[in-house]
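Each residue of the sequence shown is one higher than the one before, counting from -10 in this note's numbering.
Right, one structure below, let's go through it.
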Amino acid sequence: MSGGLGAGLAFVLSSRPFQQRQLSADEAAVFDKSGQLTSAIAGVPTLTRPVNILLLGTIVLTADLPNAQIQPRGKYIAQVENNFDGLSDAMLLIRFDPSSQKVSVLSIPRDSRVDIQGVGKTKINFANYAGGVSLSAQTVSQVLGNIPIDRYIRFNVSGFGKIIDALGGVDVYVPKKMKYQDDSQRLYINLNAGQQKLDGNKSIQYMRFRHDDLGDIGRVQRQQAFFRAFIDQQLKPESIGKFPEVLNIVKDNIDTNLSVEEVLALAGYTSKLDRKNIQMHMAPGRFSNAGEFDSLSYWILDSRRLDKVMNQSFGVIKSAEANGSDNSPRNLRVAIQDSLPQPEGSKKATMVLSKSGYDQVFPAVERWSKPLAKTQIIAQNGDRASAEKLRDSLGLGEVIVESTGELESDITVRIGKDWFEANNIAIKPIKSAKPKQR
């Protein structure tokens, strides 16, 4: 451990930049208490067993606060942005597993239709509003096969933005211009397309935008892309020294039952992981049909596919079927997605896969907006083994476990320049848009 890192850790532990919240008896009963999470090795907090953490990003709508019209504007805005008690705008279950040297992230769409105790069937994001973090944790555990949840982190809008600013921003590719305005939520989104460094405010805009064809599911996919960029750029061993400043800045914007030692152990563990062992999933399902549930739209969870994800990556075996599905090439749905504006590459890939026994190959709905140097093979439903087998059939490609691919696919292949080069297909220059005549 470097001297600078050791000094940083010592400062964090001595200064106690935030306080671990003491839970009520009812709240504590929801969270798993099966042993200590960390131990000190050479004075450094270290993760000693698998841990499941519920991460909630909350947003309070102006309509949920009383007397909005008479309160001082600044105070009122602070109430909206600094509150933990509203709807959850982002919900993730994160498993840190030192035995397998993996981190598994499950994004749960906010519109998922679930049964909340004392409320009934509704959207899962209502659980935090109805009963706080304990009801959210209880609901998530039940939906995911009674998985134990050890700890939680809630952060509000202000907290998220402050974290990004304190770390100097995150470089992200914005796939298209994003523009939206909602005065009732004080939500103003105005982002240009392209690769750029997002500060805290712009990161919030990117993460909250949902006004495209995929709605909330598109937002979940952008959140996964953002988190992967954040991890790649910010969670490095040399970055741990920034934690004193970051934790001190956001101490009023984070609610958690993690101790400081546990936070440092988790950050240190993640910073040293091979990036291919950080796997991102989305709770699989479908959009509800028009009129299926009156006028409301939901994400209807697919219990069979969800059981499979929980078995593969979270150690929850709910049914024998989750263990024994047939993942032979003929049963896999494979989407081919161009990242260059010419179809020759995807046509060749479709032909190669068809000859290898992949019978359900289909074109993606849209071209991937960012030209890729290297072909990506996205394990949309978390099945890395099947994605690696497909890569062997293609002869190249980087396997990534995340849910940013085509929704109807098991695997999405994004064709990069390397595929054109390997198959001697000429790459045509990308034409820039002509300026409009005035």
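For glycine and all other residues, C-beta sits at the position ideal for the given N, C-alpha and C.
Practice item. Return the CA-CA distance between residue 330 and residue 412, expressed in angstroms with no decimal places. Key: Residue 330 sits at position 341 when you count from the first residue of the sequence shown. Residue 412 sits at position 423 when you count from the first residue of the sequence shown. Going from the Cα of residue 330 to the Cα of residue 412 covers about 17 Å.
**Study point:** Rounded C-alpha distance that separates residue 182 from residue 166
**Key:** Residue 182 sits at position 193 when you count from the first residue of the sequence shown. Residue 166 sits at position 177 when you count from the first residue of the sequence shown. The straight-line gap from Cα to Cα measures roughly 5 Å.
**Study point:** Distance CB(residue 415)-CB(residue 390) smaller than 7 Å
**Key:** Residue mapping note: residue 415 aligns to position 426 of the sequence shown, counting from 1. Residue mapping note: residue 390 aligns to position 401 of the sequence shown, counting from 1. Contact flag unset, no.
Practice item. Let me know if residue 76 comes out buried or exposed under the rule of 16 or more other beta-carbons within 10 Å of its beta-carbon. Key: Within the sequence shown, residue 76 is the residue found at index 87, counting from 1. Buried, since its Cβ has 16 or more Cβ neighbours within 10 Å.
Exercise for review: Would you mind reading off the limits of the alpha helix (DSSP H) that contains residue 197?
Suggested key: Counted from its first residue, the sequence shown places residue 197 at position 208. Unbroken alpha helix (DSSP H) run through residue 197: 189 to 197.
**Study point:** Residues bridged to residue 24 [DSSP beta-bridge criterion]
**Key:** Reading the sequence shown from its first residue, position 35 is the one you call residue 24. Beta-bridge pairing links residue 24 to no other residue.
Review point. Can we say the segment 356 to 370 touches the segment 388 to 403, given the rule of at least three CB pairs closer than 8 Å?
Key: yes
Review point. So, are the CB atoms of residue 138 and residue 20 less than 7 Å apart?
Key: Walking along the sequence shown from the start, residue 138 turns up at place 149. Walking along the sequence shown from the start, residue 20 turns up at place 31. The answer is yes: Cβ separation under 7 Å.
Practice item. Look at the alpha carbon of residue 146 and the alpha carbon of residue 265, and state the distance between them as a whole number of angstroms. Key: Numbered from its first residue, the sequence shown carries residue 146 at position 157. Numbered from its first residue, the sequence shown carries residue 265 at position 276. Approximately 29 Å between the Cα atoms of the pair.
Check your understanding: Unbroken alpha helix (DSSP H) runs of length 4 or more, entirely within the segment 369 to 394: which are they?
Key -> 373 to 383
**Study point:** Assigned secondary structure, residue 102 (DSSP; H/G/I helix, E/B strand, else coil)
**Key:** The residue given as residue 102 occupies position 113 in the sequence shown. Reduced to three states, the DSSP call for residue 102 is strand.
Review point. Straight-line CA distance for residue 38 to residue 249?
Key: Locating residue 38 in the sequence shown gives position 49, counting from the first residue. Locating residue 249 in the sequence shown gives position 260, counting from the first residue. Distance between the alpha carbons of residue 38 and residue 249: 17 Å.
Review point. Going by other Cβ atoms of all chains shown within 10 Å of its Cβ, with 16 needed for buried, is residue 88 buried or exposed?
Key: Along the sequence shown, read from residue 1 onward, the residue named residue 88 stands at position 99. Exposed, by the Cβ-count rule.
Review point. Can you give the beta carbon distance from residue 302 to residue 268, rounded, assuming they're within the 8 Å contact cut?
Key: One-based indexing of the sequence shown puts residue 302 at position 313. One-based indexing of the sequence shown puts residue 268 at position 279. Contact holds; Cβ gap of about 6 Å.
Review point. For residue -10, which three-state DSSP category applies?
Key: If you number the sequence shown from 1, residue -10 lands on position 1. Because residue -10 carries a pLDDT of 47, less than 50, the predicted location of this residue cannot be relied on, and no value is offered for it.
Practice item. Taking residue 86 as the reference, give the member of 292, 11 and 26 with the closest Cα. Key: Stepping through the sequence shown from its first residue, residue 86 is reached at position 97. Considering only alpha carbons, the answer is 26.
Check your understanding: Using a Cβ-Cβ cut-off of 6 Å (strictly less than) and excluding sequence neighbours within five positions of residue 114, which residues of its own chain qualify?
Key -> By 1-based counting over the sequence shown, the position of residue 114 is 125. So the qualifying residues of the chain are 76, 77 and 99.
Practice item. Could you name the residues of the same chain whose beta carbon sits closer than 7 Å to that of residue 380, not counting the 5 residues immediately before and after it, in chain order? Key: Locating residue 380 in the sequence shown gives position 391, counting from the first residue. So the list reads 366, 386 and 388, once near-sequence residues are dropped.
Exercise for review: Please work out which residues of its chain come closer than 8 Å, Cβ to Cβ, to residue 135, disregarding the five sequence neighbours upstream and downstream, and give them in chain order.
Suggested key: Counted from its first residue, the sequence shown places residue 135 at position 146. Cβ within range, chain order: 305.
Check your understanding: Are residue 178 and residue 194 close, meaning C-beta to C-beta below 7 Å?
Key -> On the sequence shown, residue 178 is found 189 positions in, with the first residue counted as 1. On the sequence shown, residue 194 is found 205 positions in, with the first residue counted as 1. Closer than 7 Å, so yes.
Review point. Between which two residues does the beta strand (DSSP E) carrying residue 41 extend?
Key: Here the question's residue 41 lines up with position 52 in the sequence shown. Per DSSP, residue 41 belongs to the beta strand (DSSP E) from 40 to 48.
Check your understanding: Just the Cα atoms here: how many angstroms apart are residue 336 and residue 164?
Key -> For the purposes of this step, residue 336 is taken as the residue at position 347 of the sequence shown. For the purposes of this step, residue 164 is taken as the residue at position 175 of the sequence shown. Their backbone Cα atoms lie some 24 Å apart in a straight line.
**Study point:** Status (buried if at least 16 other CB within 10 Å, exposed otherwise) for residue 290
**Key:** Translated into the one-based positions of the sequence shown, residue 290 becomes position 301. The residue in question, residue 290, is buried, as its Cβ has 16 or more Cβ neighbours within 10 Å.
Practice item. Using the Cα positions of residue 84 and residue 112, report the straight-line distance between them to the nearest angstrom. Key: Against the sequence shown, residue 84 aligns to sequence position 95. Against the sequence shown, residue 112 aligns to sequence position 123. Roughly 23 Å separates the two Cα atoms.
Check your understanding: Could you give the distance in angstroms between the alpha-carbon of residue 162 and the alpha-carbon of residue 340?
Key -> Counting from 1 along the sequence shown, the entry for residue 162 is found at position 173. Counting from 1 along the sequence shown, the entry for residue 340 is found at position 351. Computed Cα separation, rounded: 30 Å.
Review point. Apart from the five residues just before and just after residue 130, which ones in its own chain have a Cβ nearer than 6 Å to its Cβ?
Key: Position 141 of the sequence shown, counting from 1, holds the residue named residue 130. 136 and 138.
Point to revise | Neighbour-count burial assignment, residue 105, 16 or more Cβ in a 10 Å radius | key: Against the sequence shown, residue 105 aligns to sequence position 116. Its Cβ being crowded by 16 or more others within 10 Å, residue 105 is buried.
Practice item. Could you give the DSSP three-state label for residue 95: helix, strand or coil? Key: As a first step, residue 95 is located in the sequence shown; it is residue number 106 there, counting from the start. If DSSP states are grouped into helix, strand and coil, residue 95 belongs with the strands.
Review point. For residue 170, which residues of its own chain have a beta-carbon under 6 Å away from its beta-carbon, when the five flanking residues on both sides are left out?
Key: The residue you call residue 170 lines up with position 181 of the sequence shown. Around residue 170: 177.
Exercise for review: Confirm, please, whether the CB-CB distance from residue 213 to residue 156 is below 7 Å.
Suggested key: Position 167 of the sequence shown holds residue 156. Position 224 of the sequence shown holds residue 213. No, they are not a contact pair.
**Study point:** Uninterrupted alpha helix (DSSP H) stretches inside the segment 239 to 308 (no shorter than 4 residues)
**Key:** 249 to 260 and 292 to 303
Check your understanding: What residues in its chain sit with their C-beta under 8 Å from that of residue 203, if we drop five residues either side in the sequence?
Key -> For this step, residue 203 is matched to residue 214 along the sequence shown. Closer than 8 Å at Cβ, skipping near neighbours: 210 and 396.
Practice item. Decide if residue 362 is buried, meaning its Cβ has at least 16 other Cβ atoms within 10 Å, or exposed. Key: Sequence index remark: in the sequence shown, residue 362 carries index 373 (1-based). So residue 362 counts as exposed.
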